[in-house]
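Beneath this line is the structure, given in structure tokens, with notes to follow.
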Amino acid sequence: MAEQDWGSEGYIADNFRAFYASGASRVEPPTEMRQREFGFLSFGGRSMFRHIGFEDTQQLRGYMREYAPAHTYFSAAYYEDPRANMEYKGWLGADLVFDIDADHFDLPCQKVHDRWTCSNCGEEGMGHAPDLCPSCQKAKFVEENWLCSECLTAAKYEAQKLLDILIQDFGYEGTGDLSVNFSGNRGYHVHVRNPTVKGLDQLSRREIVDYILAIGIEPEYHGFVSRAVGGGSSMSSDGWRMRTARALYDFIGELTPEGMRELKLAKAARERLEENRDAILETLVERHPSGIFRYMTKNTLERLMAAAVKGQASSIDTVVTTDIRRLIRLPNTLHGKTGWLTQNVPIIELPDYDPLMESIAFKGGTESIHIRRTPIIELGGEVYGPFEDETVELPLAVAMFILGRKAGRVVR
Amino acid sequence: MISEREAAKYPFLRDAVSLVDVLDITLDDLVDPSYRKVLDRAEGRVSQAILKGETDSRLEDPPTELLSYPVANMFVTVLGEDFLSRRYALSEALRAEEILREEGEARVAKMARTEFEWTLNLVSESLDGRIYNFELHFSNYLRNAAVFREPKWKLVNRMMKDGYVLLTQPEATRLLKEEIQRKILSFVSVPAKINLPEPLRERTNRLAKVLSENRASITGEDLPSEVVMEALPPCISTAFEGLVSGKRLGHMERFALTSFLINAGMEIDDIVKVFVSVTDFDEEFTRYQIEHIAGLRGSRTRYTPPTCSTLRTHGVCVNPDRICGRIKHPLSYYRRKIWMLQRQEEERQGDVNPQISE
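Chain order of the listed sequences is V and R.
Position 281 (the first sequence) corresponds to 284 in the working numbering; numbering is contiguous.
Position 133 (the second sequence) corresponds to 120 in the working numbering; numbering is contiguous.
Right, here's the structure in full:
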């Protein structure tokens, strides 16, 4: 069979069409929809249909029913004329959006379910593809990326840290200003809709990205000054002043001898840390941050801090947030690579939300597919696979997921 | 209503502008000898901007100080040079900042709120021995501070809670200076056809001469026409070497590299060749993208490379060296390095030449 048949796009497209026949009525338009640009990818199509605008909800839902697209996006931006070409659209502002994608993380589970194959020499490996093939030094790979509950839990944890920062530091309301969507694949999108963010330019959005990721953070601006000054512990302070103290507390509390060596700390610094660990932790809880310099040099602190803040920062994608014309997935629409729904998740329900249970669109029915190769797949509370070069009858949702990742084809 | 002295201090404020407006002074009025002091001071404001980049304040004669400001604006508008407009706006803003620094916090807060619509509260908080008198909404903060380079202005290094950033008074004043500068720039960058009476035209001619005589020394020279590879900043040369060795560049890396090479004067054909030869990119598409960045297609904007801090955010900044610490844009690195290389070259030739002459 030819390579193109993997994925059975025609079959997926038919199912999407059947879904939208009733599911289109649940597609909710974004706020101020007339000022938004919409974009769609069709099955098999290589280019995007964009610069599309809708007057009302009925028009949008009619479009979904008629075309049943593989992917559905709307702009974070507001335009005078969303249908015009880019330079004539008239940018009016944009929501502040964040994208958290487990694909960008380094997770142990990726070594189990992700795989790369060098297109040149056929060398294979698990996890993320390397920059260059270790065997032939070329840089073209076929990647088979999957996802599991561990990736999705990691992504959700990052989303929760992001929400904490947006609420506590930026002062946004969890119920009015913020909305969280499961992306329908490997992550979450967080949207901030508030007049204060609408006009922010790219430079300002970049500063916000740096804030969330703690890029450019320097301890001396958070109380870690080498001269002793008055004031108490910052564990219950606010913003990064609090987060730096908590980050250090967690990090030093769990720091192993290997961890110290990874930070390239000198032997003397390592010994001082080991000897004074309890005193350092107590200082962070009881005293002004400057007290820490009784136990370490500025250089050691900076190394520790650089590593520690990662635990408090949220791993957002840097490009999405700074792009003020970004298209982003519309909730209650299908993701063409999974057959799952992009879903709004009320913040209060986020801790208990499980996309592998709740974002399933194709319930009921089974399909026989021939599978090339998959790792173990968890979906709807069941576990399937791993499969390799075999024909299996699976629940429709699982079959759609495997087809969406082009790892199988329908047997007819 | 605002006092004349207050208006002379901050002549760009709405109240100050309307104070002058009611006088309804015409261009012909200005020719009258009684306005000579006003014209002298107006000309002085502009020439100080060109020569020193900062205007002094002369509050001992408030009416002259106040009236000379709109006249100076008019001179700058008539001269119609972007470079001058920017420099003038900066000079006037520095002058205002200087005066603002001596004011009480209530005055600072009033200007910030009423003139620039800042969401600002007066507070009194002490952290690490510093007193913070203001808290400012982060959106107002970023509008002004996002361009600053020192680490202390980075949002991540500020105390922020519930959307508000703590500020000391000098910091609040520094941010107001940015607002003032933008406001003055907006006054003087509206193109206008004004037919000046002869005595006034003499003054603008004089200013045009001062400007042309000093421009080169203020702006510095242009870049050489061929790309000097040894002068590439570490981020760009890393991306370039990566590309040549077949590494997959990220979007931001590719954009930084392409826009840099375009701005450094590399021919588009040559850039296309580099990309196509080492990757499996489609030539047509690669050319289209590069021409887009060069401003030959689409929006017709020629893109400049991102600033250092943007590159840092996106993880493109690698192995920064001594020069990196002194610049904030990869093209500034390039200029500086070229200048250093040229100097080294001259010194080397200086060593050689005497030997030849013997």
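Using N, Cα and C, we set each Cβ at its ideal position, and we do this for glycine too.
Remember, predicted model here, so these are calculated numbers, not experimental data.
Please name the residue in the options whose C-alpha comes closest to that of residue i.
i: R/Thr13; options: R/Pro292, R/Arg299, R/Ile181, R/Phe247; result: R/Ile181
i: R/Pro49; options: R/Arg323, R/Ala(-5), R/Thr101, R/Glu228; result: R/Ala(-5)
i: V/Asp281; options: V/Ala269, V/Gly128, V/Leu268, V/Ile295; result: V/Ile295
i: V/Gly47; options: V/Pro72, V/Ala27, V/Glu31; result: V/Pro72
i: R/Val303; options: R/Leu172, R/Val95, R/Ile249, R/Phe242; result: R/Phe242
i: R/Arg289; options: R/Thr245, R/Leu328, R/Thr273; result: R/Thr245
i: V/Arg209; options: V/Ile351, V/Ile15, V/Val100, V/Thr369; result: V/Val100
i: V/Thr300; options: V/Glu370, V/Ala364, V/Arg39, V/Arg273; result: V/Arg273
i: V/Pro354; options: V/Tyr160, V/Ala97, V/Trp9, V/Ala132; result: V/Tyr160
i: V/Ala248; options: V/Leu266, V/Ala269, V/Gln315, V/Pro260; result: V/Gln315
i: R/Ala96; options: R/Phe121, R/Leu198, R/Arg82; result: R/Phe121
i: R/Thr42; options: R/Glu84, R/Val9, R/Phe70, R/Thr155; result: R/Glu84
i: R/Phe247; options: R/Phe272, R/Arg235, R/Glu213; result: R/Glu213
i: V/Arg246; options: V/Pro260, V/Lys267, V/Ile220; result: V/Ile220
Just how far apart, CA to CA, sit residue i and residue j?
i: V/Ser416; j: V/Tyr23; result: The requested residue 416 of chain V is not part of the displayed model; chain V covers only 4 to 415.
i: R/Asn144; j: V/Gly256; result: 24 Å
i: R/Tyr151; j: V/Met89; result: 34 Å
i: V/Arg290; j: V/Leu258; result: 21 Å
i: R/Pro20; j: R/Leu38; result: 27 Å
i: V/Leu251; j: V/Ala309; result: 10 Å
i: V/Val322; j: V/Phe185; result: 19 Å
i: R/Tyr320; j: V/Pro222; result: 28 Å
i: V/Phe43; j: V/Val193; result: 21 Å
i: V/Lys201; j: R/Arg88; result: 32 Å
i: R/Pro138; j: R/Ser296; result: 11 Å
i: V/Thr120; j: V/Ala142; result: 11 Å
i: V/Met36; j: V/Val212; result: 26 Å
i: V/Ser138; j: V/Arg375; result: 24 Å
i: V/Glu305; j: R/Thr291; result: 33 Å
i: R/Asp2; j: R/Glu(-7); result: 10 Å
i: V/Leu444; j: V/Ile168; result: An answer regarding residue 444 of chain V cannot be provided, because it is not within the stretch 4 to 415 covered by chain V.
i: V/Asp172; j: V/Phe77; result: 28 Å
i: V/Pro133; j: V/Glu146; result: 11 Å
i: R/Val263; j: V/Ser45; result: 29 Å
i: R/Arg169; j: V/Leu150; result: 49 Å
i: V/Asp241; j: R/Met146; result: 7 Å
i: R/His124; j: V/Ala105; result: 32 Å
Please return the same chain residues whose Cβ sits closer than 7 Å to the Cβ of residue i, not counting the five positions on each side in sequence.
i: R/Arg313; result: none
i: R/Pro178; result: Gly67
i: R/Gln342; result: Only weak support exists for where R/Gln342 lies, its pLDDT of 39 falling under 50; the value from the coordinates is given anyway. Counting only Cβ-Cβ distances below 7 Å, and skipping sequence neighbours, we find nothing.
i: R/Ile29; result: One point to set straight first is that residue 29 of chain R is Ala, not Ile, in the sequence displayed. Same-chain partners within the cutoff: Ser55, Val58, Ala59, Phe62.
i: V/Phe108; result: Ala157, Ser318
i: R/Ala281; result: Ile249, Ile255, Arg289
Excluding the five sequence neighbours on either side, which residues of its own chain have a C-beta within less than 6 Å of the C-beta of residue i, listed in chain order?
i: V/Ile55; result: Phe41
i: V/His387; result: In the sequence as presented, His is not what sits at residue 387 of chain V; that position holds Tyr. Excluding sequence neighbours, V/Tyr387 sits near Ile380, Val401.
i: V/Met3; result: Here chain V comprises residues numbered 4 to 415, so residue 3 of chain V is not present and cannot be evaluated.
i: R/Arg274; result: Val259
i: V/Arg412; result: Asp8, Trp9, Ser11, His373
i: R/Tyr22; result: none
Quickly, what does DSSP pair residue i with across the bridge? List them, please.
i: V/Val386; result: V/Glu381
i: V/Cys112; result: DSSP, once it has assigned bridges, lists no residue as partnering V/Cys112.
i: V/Phe77; result: V/Phe41, V/Ile331
i: R/Arg(-8); result: Paired residue(s): none; R/Arg(-8) is not in a bridge.
i: V/Val193; result: V/Phe101, V/Val183
i: V/Glu35; result: Answer is none; V/Glu35 lacks a bridge partner.
i: V/Trp343; result: V/Ile363
i: V/Trp119; result: V/Gly128, V/Glu146
i: V/Val395; result: V/Ile372
i: V/Ile55; result: V/Phe41
i: V/Tyr23; result: DSSP output for V/Tyr23 lists no bridge partner at all.
i: V/Tyr82; result: V/Trp94
i: V/Val413; result: V/Ile372
i: R/Val9; result: Paired residue(s): none; R/Val9 is not in a bridge.
i: V/Leu337; result: V/Leu344
Once the 5 residues before and after residue i are set aside, which same chain residues still bring their CB inside 8 Å of it?
i: V/Ser293; result: Gly226, Phe227, Val228, Ser229, Arg230, Ala231, Val232
i: R/Gln6; result: According to the sequence as given, residue 6 of chain R is Leu; it is not Gln. So the qualifying residues of the chain are Met(-12), Ile(-11), Glu(-9), Ala(-6), Leu53.
i: R/Gly207; result: Reliability of the predicted coordinates at R/Gly207 is poor, the pLDDT of 46 falling under 50, and no value is obtained from them.
i: V/Gln346; result: Asn184, Phe185, Gly187, Pro334, Asn335, Pro358, Glu361, Ser362
Can you give, in chain order, each stretch of the alpha helix (DSSP H) that sits fully within the region 105 to 171 of chain R and has at least 4 residues?
125 to 132
Enumerated in chain order, which unbroken segments of the alpha helix (DSSP H) with a length of 4 residues or greater are wholly contained in the region 16 to 93 of chain R?
23 to 39, 49 to 66, 69 to 87
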